[in-house]
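First comes the structure, then the notes that go with it.
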Amino acid sequence: MTAVAAAAPSGYASEPFQGEVRTFAFTFCPRGWAPADGRLLSTAQNTALFSLLGTLYGGDGRTSFGLPDLRGTIHDKRQPSATLKVCIAMIGTFPSRN
């Protein structure tokens, strides 16, 4: 099998923003991404992402915070049984606020 790497279109960042949500046509989240399934994460181990999300999606804000739960929200209309994987970037560029 030969791996093929496609160049990102002009205007795309080379790495995602932390907290960015993307859909994937495969059944897993790539390295550095987590499923957007409502899971709780440690605030101590994910300080940058916690500073962006806070407790908007759950958690106590002291030891934990939640990721958004987007399971089953995005489907391929041409293939109703195929649910796309929704993931959130755990690592990447910290977004600046204007």
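If you want my numbering, it's the 1-based position in the sequence shown plus 1. For every residue, glycine included, the Cβ atom is placed at its ideal position computed from N, Cα and C.
Nearest to residue 85 by alpha-carbon distance, out of 36, 16, 21, 18, is 36.
Taking the Cα positions, residue 63 is about 26 Å away from residue 87.
In the DSSP assignment, residue 48 falls within the alpha helix (DSSP H) that extends over 48 to 54.
Here the C-alpha atom of residue 61 lies approximately 9 Å from the C-alpha atom of residue 67. Per the DSSP secondary-structure output, residue 88 pairs in a beta bridge with 23, 36. Apart from the 5 residues on each side of it in sequence, residue 29 sits with its Cβ closer than 7 Å to the Cβ of 86 in its chain, given in chain order. Residue 70 sits in a strand when the DSSP states are folded into three classes. According to the DSSP assignment, residue 43 belongs to the beta strand (DSSP E) that extends over 41 to 43.
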